Amino acid sequence: MSALSGKRILLGISGGIAAYKTPELVRRLRDAGATVRVVMTQAATAFITPLTLQATSANPVHTALLDHAAEAGMGHIELSRWADAVLVAPATADLMARLAVGMADDLLTTLCLCLPTRTLLCLAPAMNHVMWAAGATVANRDTLLTRGIHLFGPTHGKQACGETGLGRMEEPIQLVAALERLFVPKLFAGQQFLITAGPTREAIDPVRFLSNRSSGKMGYAIAAAASALGAEVTLVSGPTNLPTPQGASRINVVSAKEMRDAVLDVVNDCRVFIACAAVADYRPVATAPQKIKKKGEQAMTLVLERTEDILATVSGLPRRPFVVGFAAETENLETNALDKLQGKGLDMVVANWVGGDLGFESDDNALQVYWAEGQQILPRASKLDLAYALLEIIANRLPANGSPQLITH
Ligand SMILES: Cc1cc2nc3c(=O)[nH]c(=O)nc-3n(C[C@H](O)[C@H](O)[C@H](O)COP(=O)(O)O)c2cc1C
Numbered sequence: 236m237s238a239l240s241g242k243r244i245l246l247g248i249s250g251g252i253a254a255y256k257t258p259e260l261v262r263r264l265r266d267a268g269a270t271v272r273v274v275m276t277q278a279a280t281a282f283i284t285p286l287t288l289q290a291t292s293a294n295p296v297h298t299a300l301l302d303h304a305a306e307a308g309m310g311h312i313e314l315s316r317w318a319d320a321v322l323v324a325p326a327t328a329d330l331m332a333r334l335a336v337g338m339a340d341d342l343l344t345t346l347c348l349c350l351p352t353r354t355l356l357c358l359a360p361a362m363n364h365v366m367w368a369a370g371a372t373v374a375n376r377d378t379l380l381t382r383g384i385h386l387f388g389p390t391h392g393k394q395a396c397g398e399t400g401l402g403r404m405e406e407p408i409q410l411v412a413a414l415e416r417l418f419v420p421k422l423f424a425g426q427q428f429l430i431t432a433g434p435t436r437e438a439i440d441p442v443r444f445l446s447n448r449s450s451g452k453m454g455y456a457i458a459a460a461a462s463a464l465g466a467e468v469t470l471v472s473g474p475t476n477l478p479t480p481q482g483a484s485r486i487n488v489v490s491a492k493e494m495r496d497a498v499l500d501v502v503n504d505c506r507v508f509i510a511c512a513a514v515a516d517y518r519p520v521a522t523a524p525q526k527i528k529k530k531g532e533q534a535m536t537l538v539l540e541r542t543e544d545i546l547a548t549v550s551g552l553p554r555r556p557f558v559v560g561f562a563a564e565t566e567n568l569e570t571n572a573l574d575k576l577q578g579k580g581l582d583m584v585v586a587n588w589v590g591g592d593l594g595f596e597s598d599d600n601a602l603q604v605y606w607a608e609g610q611q612i613l614p615r616a617s618k619l620d621l622a623y624a625l626l627e628i629i630a631n632r633l634p635a636n637g638s639p640q641l642i643t644h
């Protein structure tokens, strides 16, 4: 379950081009279980209609401060009391300036000024990169930071004006994750987690490789959830197109050998190791230095050798973390998972069916978690929800003290 479930989020929209992303933001917040109310500045209504936000939020949209009817309904004070968090996205340079000097010249700035101290105020700036770097904006941002606002972004990239720079609003999916992080109890505060994700690629020649269908989504979801729960996450990732989860530090690798080396470099101080990557079991014995050309044969033989078994290596370390392995299976799920648990001396194994519309590449999954004395089934859900559920099981199984564990073989 998302940490936003049951939370009341007041979305403030100011007049920037990124306002067109807010219906998706509202949908994602509601999918996470939040109730959303929207307040728009006058300028924002030139970029997107209140009707669109009313339809997506399923609540009336508020735009005016001096509106008799609105004040008789849920007025500015009630709105500011109602919210668990206010997220202004996009936050324009103008809105930041008005907040920084404490103006209350429209509904959004007025309710931000009368927020109870318990209410989180988060801004997702979006503007041309020159505006973002301007001395006045930098000073306003710093003033707001010293007052305890939470700043989400901006990010670097192509801007609506056609220029490239720092000033793009974070994508809705990232904003929801950032907001979620603020509400999650810090179960793993300060603990080091090492997580592998994605496929590996084993080169055949300079243009071809052996790989698999892993998208990395499950491992990235675990990294995002662990980080939100306060863990210091190192994510060792095979090739994927996924953005680095907020708060995680990412090491990119390509082959099984590189993944092993990266894992062994950092595993020493780790409390928990979660091996979610789909590491190739075999690689070509030799990588051809040039592209292999066809020579008229109808068949060719590729000779393969075993790759490093990263999970078994970490599990066999004299001083090792709590080790969680993943088993992706197309048959005999439980038997294969239990074999892996015992054979490699793991603390826990997480098994999932692959094939059909589950597992690789999908946004959903279903997991069966096994450890020496028990098991738990996590039914089909989003990979992020499963990540939180899995981390809760891990938290309950972690030895109370000792980081990392001292295991004698
Ligand atoms: C087409 C267009 C796009 C704009 N995009 C942005 C933007 O992305 N960020 C920004 O800070 N201002 C942007 N502005 C300027 C704001 O709309 C302007 O400063 C306005 O007064 C902001 O009002 P508000 O902060 O009350 O919403 C844009 C203006 C126009 C005409």
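Counting from 1 along the sequence shown, just add 235 to a position and that's the residue number in this note's numbering. The beta carbon of each residue, even a glycine, is placed where N, CA and C say it ideally should be. Computed from a predicted model, the values in this text were never measured in an experiment.
CB contact flag (residue i, residue j, <9 Å)
{"i": "Ser292", "j": "Val273", "result": "yes"}
{"i": "Lys256", "j": "Pro474", "result": "no"}
{"i": "Ala512", "j": "Gly454", "result": "yes"}
{"i": "Ala562", "j": "Ala586", "result": "yes"}
{"i": "Asp599", "j": "Lys618", "result": "yes"}
{"i": "Thr327", "j": "Ala374", "result": "no"}
{"i": "Ala247", "j": "Cys349", "result": "In the sequence as presented, Ala is not what sits at residue 247; that position holds Gly. Contact flag unset, no."}
{"i": "Leu422", "j": "Leu464", "result": "yes"}
{"i": "Ala622", "j": "Asp582", "result": "no"}
{"i": "Ser240", "j": "Ala267", "result": "yes"}
{"i": "Gly383", "j": "Ala359", "result": "no"}
{"i": "Leu573", "j": "Val584", "result": "yes"}
Straight-line Cα distance separating residue j from residue i
{"i": "Gly551", "j": "Gln610", "result": "23 Å"}
{"i": "Val442", "j": "Arg518", "result": "15 Å"}
{"i": "Leu286", "j": "His311", "result": "20 Å"}
{"i": "Ala424", "j": "Met362", "result": "34 Å"}
{"i": "Val488", "j": "Pro480", "result": "17 Å"}
{"i": "Ala491", "j": "Gln394", "result": "37 Å"}
{"i": "Lys242", "j": "Thr270", "result": "6 Å"}
{"i": "Leu322", "j": "Val261", "result": "11 Å"}
{"i": "Ala458", "j": "Gly531", "result": "48 Å"}
{"i": "Ala369", "j": "Leu410", "result": "24 Å"}
{"i": "Thr542", "j": "Leu386", "result": "43 Å"}
{"i": "Asp496", "j": "Ala624", "result": "29 Å"}
{"i": "Lys452", "j": "Leu301", "result": "47 Å"}
{"i": "Arg403", "j": "Leu245", "result": "21 Å"}
{"i": "Asp516", "j": "Leu633", "result": "29 Å"}
{"i": "Met275", "j": "Cys396", "result": "23 Å"}
{"i": "Glu493", "j": "Ala238", "result": "35 Å"}
{"i": "Met331", "j": "Ile629", "result": "41 Å"}
{"i": "Met236", "j": "Leu445", "result": "36 Å"}
{"i": "Ala456", "j": "Thr536", "result": "38 Å"}
Cβ neighbours of residue i in the same chain (closer than 6 Å, five flanking residues each side left out)
{"i": "Ile527", "result": "Asp440"}
{"i": "Val538", "result": "Val520"}
{"i": "Asn447", "result": "Pro434 and Ala513"}
{"i": "Val507", "result": "Phe428, Pro556 and Phe557"}
{"i": "Lys477", "result": "The amino acid at residue 477 is misidentified as Lys; the sequence shows Leu. Counting only Cβ-Cβ distances below 6 Å, and skipping sequence neighbours, we find Gly451 and Tyr455."}
Three-state secondary structure assigned by DSSP to residue i
{"i": "Ser638", "result": "Unreliable placement is indicated for Ser638, whose pLDDT of 45 sits below 50; the coordinate value is still reported in the next sentence. DSSP places Ser638 in coil when its eight states are reduced to three."}
{"i": "Glu467", "result": "strand"}
{"i": "Asp440", "result": "strand"}
{"i": "Ala361", "result": "coil"}
{"i": "Leu264", "result": "helix"}
{"i": "Phe418", "result": "helix"}
{"i": "Ala293", "result": "coil"}
{"i": "Gln394", "result": "coil"}
{"i": "Ser550", "result": "helix"}
{"i": "Gly370", "result": "helix"}
{"i": "Ile384", "result": "coil"}
{"i": "Gln409", "result": "helix"}
{"i": "Met494", "result": "helix"}
{"i": "Ser449", "result": "coil"}
{"i": "Asp599", "result": "strand"}
{"i": "Pro519", "result": "strand"}
{"i": "Leu343", "result": "helix"}
{"i": "Thr643", "result": "Below a pLDDT of 50, predicted positions are generally treated as unreliable, and Thr643, at 35, falls in that range; the measurement from the model is reported next regardless. Residue state, collapsed to three classes: coil."}
{"i": "Ser237", "result": "coil"}
Same chain, Cβ closer than 7 Å to residue i, neighbours up to 5 away in sequence not counted
{"i": "Arg485", "result": "Leu470, Ser472 and Thr479"}
{"i": "Arg265", "result": "Val271"}
{"i": "Val501", "result": "Leu429 and Thr469"}
{"i": "Trp253", "result": "According to the sequence provided, residue 253 is Ala. The question's Trp does not apply to it. Contacts found: Pro325, Ala361 and Met404."}
{"i": "Pro295", "result": "Gln289"}
{"i": "Pro670", "result": "Absent from the model: residue 670. The displayed extent of the chain is 236 to 644, so no value can be given."}
{"i": "Val498", "result": "Leu429, Thr431, Val471, Ile545 and Val549"}
Proximal residues to residue i (C-beta, below 8 Å), its chain only, five neighbours per side dropped
{"i": "Glu569", "result": "Ala586, Gln603 and Tyr605"}
{"i": "Thr378", "result": "Ala335"}
{"i": "Met366", "result": "Ala328, Thr372 and Gly402"}
{"i": "Asn571", "result": "Ala562, Glu564 and Ala586"}
{"i": "Arg436", "result": "Phe444, Leu445, Ser446, Gly473, Pro474, Val489, Ser490 and Ala515"}
Interface flag, residue i vs chain D, CB-CB below 9 Å
{"i": "Gln289", "result": "Although the question refers to chain D, the structure presented lacks it and comprises just one protein chain."}
Practice item. For the stretch 414 to 430 and the stretch 337 to 350, state whether three or more C-beta atom pairs, one from each stretch, are separated by less than 8 Å. Key: no
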